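Chains as they are written, first to last, in our numbering: chain A, 4 to 295; chain B, 49 to 495; chain C, -1 to 299. Built from N, CA and C at the ideal position, the CB exists for glycine as well. What you are looking at is a predicted structure, and each value in this text was computed from that prediction instead of being measured. Below: one structure, written as structure tokens.
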Amino acid sequence: MTAPALVRRPVRKDRKSVALTIVMALFLIYTLVPLLWLLFSSTKTQAGLFSSFGLWFADDFSFFQNLVDTLTYRDGIFVRWLGNTLLYVVVGAGGATLLATLAGYGLAKFSFPGRRAVFAVVLGAIAVPGTALAVPTFLMFSQLHLTNTPWAIIIPSLISPFGLYLIWVYAVDAVPTELLEAARMDGAGEFRTFATISVRLLAPGIVTVLLFTVVATWNNYFLPLIMLSKPELYPLTVGLNQWNSQATGVAAEPIYNLVIMGSLLTIVPIVVAFLFLQRFWQSGLSAGSVKQ
Amino acid sequence: MNPMRTAAAKRRALAGLAVSAVVIGALTACTGSDGGPTSADTDIDAALEAGGTLTYWSWTPQAEAQVAAFEKAYPKVDVELVNAGTGNDEYTKLQNAIAAGTGGPDVAQVEYYALPQFALTDSLVDLAPYGFGDLEADYTPSTWGAVTVGDAVYGLPQDSGPIAMFYNKRIFDQFGIAVPTTWDEYLAAAEKLHAADPTKYITSDTGDAGFTTTMIWQAAGHPFQADGDKVTIDLQDAGSKKWADTWNQLLEKDLLAPVPGWSDEWFKGLADGTVATLIIGAWMPGVLEGSVPDASGDWAVAPAPSYDGKPAGAENGGGGQVVLKQSSNPALAAGFLKWLNNSDESVKVFLDGGGFPSTTADISSPDFLGVESDYFGGQKINEVLAAAAEAPSSDWYYLPYQVYANSIFGDTVGQAYANKTDLNAGLQAWQDALVEYGDKQGFTVNK
Amino acid sequence: MTMTSMRVTPSVRPRRQWRGWLFVGPFSAVFLVAFIAPVVYAIYLSLFRNRLVGGNSFVGLENYLQVFTDAQFWESFARVALFLAVQVPIMLLLALGAALAIDSARLYGAGIFRIVIFLPYAVPAVVAVLMWGFIYGNSFGLAANLNDAVGFTLVTPFARDWVLASIGNIVTWEFVGYNMLIFYSALRTIPADLYEAAELDGAGALRVITAIKVPALRGAIVIATIFSIIGSFQLFNEPNILKTLAPNIITSYFTPNMYAYNLSFAGQQYNYSATVAIVMGVITAVIAYVVQLRGSRAETR
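In structure tokens, the structure reads:
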């Protein structure tokens, strides 16, 4: 049996439960309240925000005005941030998925000196608080003249220990060793075998890892916060927080309505990507959890 | 050679060493631009003539227009303006760049309270050799004092924040409250207002290091003294106690709006009258006009209350620009800085954008004093604010690690605010933490 | 997910052995630069003390000794430990309940529940905290509306006794769907014949849950627990962004990570900060390892 083949159980004759649905609906409301709040708030002016109930519209409907203001504030810096985020996601998450796939596959299908050490070190590293490693990383990258460049964000995002782990577990069953042996008999090179046969078998796992790394890089906040001082390089998260904190001190200029609209615009693309990818990824994730 | 400079160089060297050892090596030793200026380097006119590129960190809204005007006047100079964050966010990044030995700007905006910290770590260029010492007469004494240490000039003042009392006249009239001139009257007004309408407060204060130090300054306290590595901290001196005893009465009777300053709720409170007065720097009108437009016509300005009814001044906020040692062209940076904060053209841009001047000529100019503010119901607010700038005030020094000090204010004095207990105890806790930190950092504190 | 349970796939011919590195090499190289080098550098830093006055000096293990007597560090540690003990079980139980409900086939519109509950995971922590920060507002957030509605001060999210719960709520909101999906995926892999057998035995729904589903979830629960432990010990974004709204209640050493951050970025104590980071990393790794051992031992019983 190959891992991705999910065991579908026959439809059971259980009755639908209204009570259970109601309990879960409460859960659903809890999940949705902040998002609804964000939606309603995005239609309000700054004054409207302060004077209206959070889960309904204010008297003035300025959704489109907020949208235009957000996209044009300070010469359209928000659009720049969006572009930066996309760059970091495409290169960072794409690269992380590629590296994790190669490495996970290598660990699952080859026995080589140092294999166990790699696994132990990678898993151990997850426990070290990334936030606190920020300073050494920053000082190092400064010496290498990498701070204030996109590389300062991209290089650390290329590492996804969890992705590596998922692919490893997944590849053990998804790619039959006999198949690889047969390919070798035919004289195919290892990378050729990987590219033509294994990748296809690993696809659900790869999509899962991609989803995780996309979310992780899209939401990355702390690393860019310390690595970058030029707003032109900020991703959305850091930019938004800068907008939020410019309401302080001598030149205070609160723009809460733009912060809220910006938050909404930050969520929308990732949610769309998410809904799109999530159809593919469940089988991949289940392989990770079934192999405990 | 200054011991601190050696320390910084050593730190950089060590950092470089470790990295090259750890990574793949092959990193050339990193050299800072530590050399002091020679006489040939100090000709800023020649530097401006020769041109070059500069990086300037600032978060003032006027910076963009100022840089554009500068580049027009000096076409050979290219200034890259970077908003690296507001206040503390920028200092963190500056600090990081200094620690890393690279990545900092040539010129940076630094508030007065933070300036000694950067001057102490030998991160700033002393501008006296560039002839900046001659500019003293152009600036108010308190702002000039804030950018100089002895004969060394570590920056040029941009704005100032002499304190005044901004009050919501509509609320005052509605509840029949007279404008207080002493702190006793202020306390009485606070009780009267809150008793008449429990949703209204005389002011908001949930603990703010900048505010507390300003208030101690006004009470003629001298909690911080520094002479080289020797630091004295006494947050229980007469002035500090005087302020804390006064403020305790507001705090313990729940007369302070429970809204953190600069939060969304605070702005709302300024708009709807929940927060009836602010004791704050003279730069506040621009913020009120820009960010609390709904309250137009409600607000007015009066001198800050004092303990004896006579004018007593202090500064709140404000800052200037400095040249970093990391700058590869300090003469050019000095030239830009001098234009930025000492030329009529640039200062005019700054003032038109709502800034409050630090230059004596502007503070006393009839044009400036005669402005009738629509937002303030036609009041000539600059007359009041200029008088505040001239109110007698005592000497004041910030700690050479004030940025850190302010970052732990909430841990110490903030606890007294949160628990509504004696502020004197909070100040004492702050002092203890600051003494401990100073000792650990190699200062000689209170010895 | 124990390392020992990881099957070593029969290796290909010995002379090919090093070929595995071709696949693992790129990851390892980046890992070395982006992860191992900073760790090594942090260890190096932790052996020195650099002072504003007096410069840098080698102090051996002095920084480590200081951590063990540092009241602020242990206070922050106790706080995240409490957070861990309360928030993680609540979140995982909610996630488990949701996963079982969605898997039970007794829910109308199960697919919608699955997707919507998972959605917050996609919301950046910064945005999540900004939103909840507005909502928690005592004078015009939803908290204020709620207090107005009931007529007295029911909730004060930024009060001292509340703030940890307020943060816990944000974290739960962000991650309950993520954990739910991990559990749900594991449930989907339970072979159908197990259910059929149970049905033949006349087992009720509850019995199916306790006898089949929960045991099948054990591995997933261990993973989720480990990740939650790590997440709790590294708590940073949520309290740090909320700090502007509750400046006195959320101290600069509210969590170990905030402490380490403020030590270095506000206090310029890079060396001591690195020491705190290393100590926290070791503690986290040990606890995660113990949980994993216990989890896998229970599994093999």
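For the options B:A200, B:S208, B:L299, B:L235, the alpha carbon positioned closest to that of B:Y187 is the one of B:S208. Around A:Y224, the same chain offers T240, V241 as residues with beta carbons nearer than 7 Å, after the five sequence neighbours per side are excluded. Cβ neighbours of B:L380 within its own chain (closer than 7 Å, five residues either side excluded): A95, L96, G100, L102, V125. Within the region 327 to 383 of chain B, the runs of alpha helix (DSSP H) at least 4 residues long that lie entirely inside it are, in chain order, 332 to 339. B:W105 is bridged by DSSP to B:V130, B:A156.
Put simply, the CB of A:P139 is near chain C, with a gap under 8 Å to one of its CB atoms.
Taking 4 residues as the shortest admissible run, the region 160 to 247 of chain C contains the following complete alpha helix (DSSP H) segments, listed from N- to C-terminal end: 161 to 186, 190 to 198, 203 to 206, 212 to 231, 235 to 240. By the criterion of at least three beta-carbon pairs nearer than 8 Å, the region 143 to 159 of chain A is not in contact with the region 60 to 78 of chain C. With a threshold of 16 other beta carbon atoms within 10 Å, A:S266 meets it and is buried.
One thing to note: B:A148 has its Cβ no nearer than 8 Å to the Cβ of B:K141. Secondary structure note for A:F81: its alpha helix (DSSP H) is the uninterrupted segment 66 to 90.
Taking C-alpha positions only, A:T220 is separated from C:I113 by approximately 21 Å. For A:F53, the neighbours in chain B by C-beta distance under 9 Å run, in chain order, D312, E313, F315, K316, A319, D320, D342. In the assembly as shown, A:G252 is a buried residue. Its beta-carbon has 16 or more other beta-carbons within 10 Å.
For A:I229, the uninterrupted alpha helix (DSSP H) segment begins and ends at 225 to 230.
Classified as exposed, B:P189 has fewer than 16 neighbouring CB atoms from the shown chains inside 10 Å of its CB. Judged by pairs of C-beta atoms under 8 Å, the region 222 to 229 of chain C does not touch the region 243 to 263 of chain C, as fewer than three such pairs exist.
Neighbours of A:T240 in chain C, taken as residues whose beta carbon is under 7 Å from its own, are P122, V124 in chain order. For A:I273, the C-beta contacts it makes with chain C under 9 Å involve A120, V121, P122, in order along the chain.
Straight across, the Cα-Cα distance linking C:M278 with C:Q85 is about 19 Å. DSSP places B:F272 in the uninterrupted beta strand (DSSP E) bounded by 272 to 275. Neighbours of B:L168 in chain C, taken as residues at a C-beta separation under 9 Å, are given in chain order as L50, V51. Here DSSP, grouped into helix, strand and coil, assigns B:Y161 to coil. The Cβ atoms of A:I209 and C:F29 lie no closer than 8 Å to each other.
8 Å or more divides the Cβ of C:L128 from the Cβ of A:V274. The beta carbons of C:L80 and C:A272 sit no closer together than 8 Å.
Ranking A:P207, A:E184, A:A137, A:L204 by CA distance to the CA of C:V274 puts A:A137 first. If you ignore the 5 residues before and after B:A244, its C-beta comes within less than 7 Å of the C-beta of F223, all in its own chain and listed in chain order.
In the structure shown, B:I211 adopts extended strand secondary structure according to DSSP, grouped into three states.
Going by DSSP, C:R49 is part of no alpha helix (DSSP H) but of the beta strand (DSSP E) stretching over 46 to 49. The C-alpha of C:M89 is placed about 9 Å away from the C-alpha of C:G175. In the assembly as shown, B:I219 is a buried residue. Its beta-carbon has 16 or more other beta-carbons within 10 Å. The alpha helix (DSSP H) runs lying completely inside the region 111 to 180 of chain A and spanning 4 residues or more are 118 to 129, 133 to 146, 154 to 160, 164 to 177, given in chain order. By DSSP's assignment, B:Q427 forms a beta bridge with B:S421. Taking C:L185 as reference, the option from C:W171, C:I165, C:A69, C:V206 with the minimal CA-CA separation is C:V206.
A Cβ-Cβ separation of about 39 Å leaves A:S20 out of contact with A:K47 under the 8 Å criterion.
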